[in-house]
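Everything below concerns the one structure shown next.
Numbering (the working numbering), first residue to last: 36 to 276.
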(Lines of atoms letter the chains of each structure in order from A and count residues from 1; the text may use other names and numbers.)
(Lines give C-alpha, C1' and ligand atoms only; values in the text may rest on other atoms or scores of the structure.)
Protein backbone atom coordinates (compact mmCIF):
# COMPACT_ATOMS: atom_id res chain seq x y z
CA UNK A 1 0.00 0.00 0.00
CA UNK A 2 1.19 3.55 -0.62
CA UNK A 3 0.45 7.22 0.04
CA UNK A 4 1.94 9.92 -2.18
CA UNK A 5 2.76 13.31 -0.65
CA UNK A 6 3.05 16.43 -2.80
CA UNK A 7 5.86 18.19 -0.96
CA UNK A 8 9.30 19.57 -1.73
CA UNK A 9 12.17 17.14 -1.22
CA UNK A 10 13.58 19.47 1.42
CA UNK A 11 10.45 18.82 3.50
CA UNK A 12 10.87 15.05 3.66
CA UNK A 13 12.86 15.06 6.89
CA UNK A 14 10.18 16.99 8.75
CA UNK A 15 7.49 14.75 7.26
CA UNK A 16 9.40 11.64 8.34
CA UNK A 17 9.63 13.01 11.88
CA UNK A 18 5.90 13.76 11.93
CA UNK A 19 5.14 10.22 10.77
CA UNK A 20 7.44 8.79 13.43
CA UNK A 21 5.76 10.86 16.13
CA UNK A 22 2.33 9.63 15.03
CA UNK A 23 3.11 5.91 14.80
CA UNK A 24 5.58 5.86 17.70
CA UNK A 25 8.50 4.59 15.65
CA UNK A 26 12.15 5.61 15.28
CA UNK A 27 13.06 7.48 12.11
CA UNK A 28 16.11 6.04 10.37
CA UNK A 29 17.71 7.58 7.28
CA UNK A 30 18.90 4.79 4.96
CA UNK A 31 21.33 6.88 2.90
CA UNK A 32 22.24 6.39 -0.74
CA UNK A 33 21.18 5.00 -3.11
CA UNK A 34 17.60 4.87 -1.80
CA UNK A 35 17.74 8.12 0.21
CA UNK A 36 14.69 6.76 2.03
CA UNK A 37 13.57 7.03 5.63
CA UNK A 38 12.61 3.86 7.50
CA UNK A 39 9.91 4.53 10.11
CA UNK A 40 8.89 1.26 11.70
CA UNK A 41 6.71 -0.56 9.16
CA UNK A 42 6.72 2.51 6.89
CA UNK A 43 9.20 3.67 4.26
CA UNK A 44 9.28 7.24 2.95
CA UNK A 45 11.20 7.26 -0.34
CA UNK A 46 13.05 10.09 -2.09
CA UNK A 47 9.92 11.02 -4.05
CA UNK A 48 7.85 11.40 -0.86
CA UNK A 49 5.99 8.14 -1.44
CA UNK A 50 5.09 6.47 1.84
CA UNK A 51 4.79 2.69 1.50
CA UNK A 52 3.65 0.03 3.94
CA UNK A 53 2.28 -3.49 3.72
CA UNK A 54 -1.30 -4.60 4.25
CA UNK A 55 -0.57 -5.82 7.77
CA UNK A 56 -0.68 -2.22 9.02
CA UNK A 57 -4.01 -1.62 10.74
CA UNK A 58 -6.38 0.80 9.02
CA UNK A 59 -6.91 2.63 12.31
CA UNK A 60 -3.18 3.39 12.43
CA UNK A 61 -3.32 4.84 8.91
CA UNK A 62 -6.37 6.96 9.69
CA UNK A 63 -4.74 8.25 12.88
CA UNK A 64 -1.57 9.03 10.93
CA UNK A 65 -3.48 11.08 8.37
CA UNK A 66 -5.32 12.96 11.11
CA UNK A 67 -2.06 13.65 12.95
CA UNK A 68 -0.38 14.90 9.78
CA UNK A 69 -3.22 17.32 9.14
CA UNK A 70 -2.90 18.55 12.72
CA UNK A 71 0.83 19.01 12.11
CA UNK A 72 0.10 21.32 9.18
CA UNK A 73 -0.02 18.94 6.23
CA UNK A 74 -3.16 20.09 4.48
CA UNK A 75 -5.23 18.20 1.94
CA UNK A 76 -3.15 19.80 -0.83
CA UNK A 77 -0.11 17.81 0.32
CA UNK A 78 -1.82 14.50 -0.39
CA UNK A 79 -1.78 13.09 -3.91
CA UNK A 80 -4.63 11.36 -5.70
CA UNK A 81 -2.48 8.22 -5.74
CA UNK A 82 -2.64 7.58 -2.05
CA UNK A 83 -4.39 4.57 -0.67
CA UNK A 84 -6.35 5.30 2.48
CA UNK A 85 -7.70 8.80 1.84
CA UNK A 86 -7.00 10.68 -1.36
CA UNK A 87 -7.75 14.32 -0.67
CA UNK A 88 -8.33 16.76 -3.51
CA UNK A 89 -8.91 20.50 -3.37
CA UNK A 90 -12.60 21.27 -3.92
CA UNK A 91 -13.92 24.30 -5.75
CA UNK A 92 -14.88 27.25 -3.61
CA UNK A 93 -18.49 27.03 -2.40
CA UNK A 94 -18.71 23.33 -3.26
CA UNK A 95 -19.40 20.71 -0.62
CA UNK A 96 -16.17 19.20 0.71
CA UNK A 97 -15.39 15.68 -0.43
CA UNK A 98 -12.30 13.61 -1.04
CA UNK A 99 -11.43 11.33 -3.91
CA UNK A 100 -10.14 7.96 -2.81
CA UNK A 101 -7.96 5.55 -4.75
CA UNK A 102 -7.43 2.13 -3.21
CA UNK A 103 -4.38 0.25 -4.49
CA UNK A 104 -3.21 -3.33 -4.23
CA UNK A 105 0.32 -4.61 -4.89
CA UNK A 106 0.69 -5.85 -8.47
CA UNK A 107 2.49 -8.97 -7.30
CA UNK A 108 -0.59 -9.98 -5.30
CA UNK A 109 -2.23 -11.00 -8.58
CA UNK A 110 -1.63 -13.82 -11.00
CA UNK A 111 -2.63 -13.19 -14.60
CA UNK A 112 -5.71 -15.39 -14.08
CA UNK A 113 -6.64 -13.40 -10.98
CA UNK A 114 -6.62 -10.19 -13.04
CA UNK A 115 -8.76 -11.84 -15.72
CA UNK A 116 -11.18 -12.97 -13.02
CA UNK A 117 -11.20 -9.51 -11.43
CA UNK A 118 -12.06 -7.78 -14.70
CA UNK A 119 -14.86 -10.27 -15.38
CA UNK A 120 -16.34 -9.84 -11.89
CA UNK A 121 -16.31 -6.06 -12.34
CA UNK A 122 -17.98 -6.45 -15.74
CA UNK A 123 -20.64 -8.76 -14.29
CA UNK A 124 -21.38 -6.38 -11.42
CA UNK A 125 -20.90 -3.17 -13.40
CA UNK A 126 -24.39 -1.72 -12.91
CA UNK A 127 -24.46 -2.55 -9.21
CA UNK A 128 -20.99 -1.09 -8.65
CA UNK A 129 -21.73 2.11 -10.56
CA UNK A 130 -24.90 2.68 -8.53
CA UNK A 131 -23.46 1.62 -5.18
CA UNK A 132 -20.37 3.82 -5.50
CA UNK A 133 -22.05 6.67 -7.41
CA UNK A 134 -19.21 6.70 -9.90
CA UNK A 135 -19.10 7.09 -13.68
CA UNK A 136 -16.11 4.83 -14.25
CA UNK A 137 -14.81 1.49 -13.03
CA UNK A 138 -11.43 1.89 -14.68
CA UNK A 139 -8.55 -0.05 -13.15
CA UNK A 140 -5.17 1.64 -13.37
CA UNK A 141 -2.26 -0.77 -13.69
CA UNK A 142 1.44 -0.09 -13.17
CA UNK A 143 4.36 -2.43 -12.63
CA UNK A 144 3.91 -1.97 -8.87
CA UNK A 145 0.20 -1.52 -8.25
CA UNK A 146 -3.34 -2.19 -9.36
CA UNK A 147 -5.34 0.93 -8.47
CA UNK A 148 -9.08 1.47 -8.12
CA UNK A 149 -9.86 5.22 -8.39
CA UNK A 150 -13.56 4.65 -7.87
CA UNK A 151 -14.44 6.33 -4.62
CA UNK A 152 -15.59 9.67 -3.25
CA UNK A 153 -15.50 10.30 0.49
CA UNK A 154 -18.18 12.48 2.02
CA UNK A 155 -17.22 11.04 5.40
CA UNK A 156 -13.57 10.05 6.10
CA UNK A 157 -14.80 7.06 8.10
CA UNK A 158 -16.12 5.53 4.87
CA UNK A 159 -12.55 4.87 3.69
CA UNK A 160 -12.36 1.76 5.85
CA UNK A 161 -15.41 0.27 4.09
CA UNK A 162 -13.94 0.87 0.64
CA UNK A 163 -10.53 -0.51 1.59
CA UNK A 164 -12.11 -3.66 3.02
CA UNK A 165 -14.25 -4.06 -0.08
CA UNK A 166 -11.33 -3.85 -2.52
CA UNK A 167 -9.20 -6.18 -0.39
CA UNK A 168 -11.95 -8.80 -0.22
CA UNK A 169 -12.86 -8.39 -3.90
CA UNK A 170 -9.26 -8.95 -5.00
CA UNK A 171 -8.82 -11.94 -2.70
CA UNK A 172 -12.04 -13.44 -4.06
CA UNK A 173 -10.87 -12.96 -7.66
CA UNK A 174 -7.56 -14.60 -6.81
CA UNK A 175 -9.26 -17.63 -5.27
CA UNK A 176 -11.47 -18.36 -8.31
CA UNK A 177 -10.25 -20.75 -10.99
CA UNK A 178 -12.28 -18.78 -13.50
CA UNK A 179 -15.27 -16.43 -13.66
CA UNK A 180 -17.92 -16.76 -16.36
CA UNK A 181 -19.49 -13.86 -18.24
CA UNK A 182 -22.82 -13.48 -16.41
CA UNK A 183 -24.04 -9.90 -15.87
CA UNK A 184 -26.24 -9.38 -12.82
CA UNK A 185 -29.70 -8.28 -13.96
CA UNK A 186 -31.73 -8.56 -10.77
CA UNK A 187 -34.19 -5.73 -10.01
CA UNK A 188 -33.59 -5.58 -6.26
CA UNK A 189 -30.16 -3.92 -6.33
CA UNK A 190 -29.65 -3.78 -2.59
CA UNK A 191 -30.41 -7.46 -2.11
CA UNK A 192 -28.26 -8.50 -5.08
CA UNK A 193 -25.26 -6.49 -3.96
CA UNK A 194 -25.58 -7.62 -0.36
CA UNK A 195 -25.50 -11.23 -1.55
CA UNK A 196 -22.34 -10.43 -3.50
CA UNK A 197 -20.70 -8.79 -0.47
CA UNK A 198 -21.46 -11.86 1.60
CA UNK A 199 -20.10 -14.13 -1.10
CA UNK A 200 -16.73 -12.36 -1.22
CA UNK A 201 -16.43 -12.79 2.53
CA UNK A 202 -17.87 -9.60 4.04
CA UNK A 203 -19.89 -11.60 6.54
CA UNK A 204 -20.86 -10.94 10.15
CA UNK A 205 -20.51 -8.05 12.57
CA UNK A 206 -16.91 -7.38 11.53
CA UNK A 207 -18.15 -6.10 8.17
CA UNK A 208 -21.55 -4.77 9.24
CA UNK A 209 -20.56 -1.09 9.08
CA UNK A 210 -18.81 -1.60 5.76
CA UNK A 211 -21.86 -3.31 4.27
CA UNK A 212 -24.04 -0.43 5.40
CA UNK A 213 -21.80 2.08 3.61
CA UNK A 214 -21.68 0.02 0.42
CA UNK A 215 -25.43 -0.59 0.31
CA UNK A 216 -26.73 2.85 1.21
CA UNK A 217 -27.00 4.21 -2.37
CA UNK A 218 -28.92 1.23 -3.74
CA UNK A 219 -32.66 0.75 -4.09
CA UNK A 220 -34.68 -2.17 -2.78
CA UNK A 221 -34.47 -4.31 0.33
CA UNK A 222 -31.20 -5.75 1.61
CA UNK A 223 -32.91 -8.58 3.45
CA UNK A 224 -35.78 -9.63 1.17
CA UNK A 225 -35.29 -10.62 -2.45
CA UNK A 226 -38.78 -9.67 -3.62
CA UNK A 227 -39.08 -6.31 -1.97
CA UNK A 228 -40.49 -6.90 1.50
CA UNK A 229 -39.47 -4.34 4.04
CA UNK A 230 -36.18 -5.25 5.61
CA UNK A 231 -32.78 -3.90 6.31
CA UNK A 232 -29.12 -4.45 6.84
CA UNK A 233 -29.65 -5.57 10.42
CA UNK A 234 -31.69 -8.62 9.38
CA UNK A 235 -29.01 -11.31 9.10
CA UNK A 236 -31.38 -14.25 8.65
CA UNK A 237 -32.35 -13.76 5.00
CA UNK A 238 -29.07 -14.07 3.15
CA UNK A 239 -28.28 -15.83 -0.10
CA UNK A 240 -25.18 -16.63 -2.07
CA UNK A 241 -24.68 -14.79 -5.36
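Note that beta-carbon positions come from the ideal geometry of N, C-alpha and C, so glycine has one too.
In DSSP terms, what residue i is bridged to
| i | result |
| --- | --- |
| residue 137 | 183 |
Pair within 7 Å by beta-carbon distance, residue i and residue j
| i | j | result |
| --- | --- | --- |
| residue 85 | residue 38 | yes |
| residue 208 | residue 148 | yes |
| residue 228 | residue 166 | yes |
| residue 151 | residue 211 | yes |
| residue 77 | residue 137 | no |
| residue 91 | residue 74 | no |
| residue 154 | residue 58 | no |
| residue 163 | residue 172 | yes |
| residue 95 | residue 139 | no |
| residue 53 | residue 106 | yes |
Three-state secondary structure assigned by DSSP to residue i
| i | result |
| --- | --- |
| residue 49 | helix |
| residue 200 | helix |
| residue 215 | coil |
| residue 145 | coil |
| residue 38 | strand |
| residue 175 | strand |
| residue 103 | helix |
| residue 188 | strand |
| residue 67 | coil |
| residue 210 | helix |
| residue 43 | coil |
| residue 59 | coil |
| residue 156 | helix |
| residue 170 | coil |
| residue 150 | helix |
| residue 277 | As displayed, the chain neither begins before 36 nor continues past 276, which places residue 277 out of reach and without an answer. |
Residue interval of the alpha helix (DSSP H) (run including residue i)
| i | result |
| --- | --- |
| residue 64 | Unbroken run through residue 64 is the beta strand (DSSP E), 62-64; no alpha helix (DSSP H). |
| residue 226 | 224-234 |
| residue 245 | 243-250 |
| residue 167 | 160-167 |
beta-carbon residue i near the ligand ATP non-hydrogen atom, thresh 6 Å
| i | result |
| --- | --- |
| residue 178 | Ligands in the displayed structure: none, and consequently the ligand ATP is not present. |
Which runs of the beta strand (DSSP E) spanning at least 3 residues fall entirely within the segment 69-95, listed in chain order?
72-74, 77-79, 84-86
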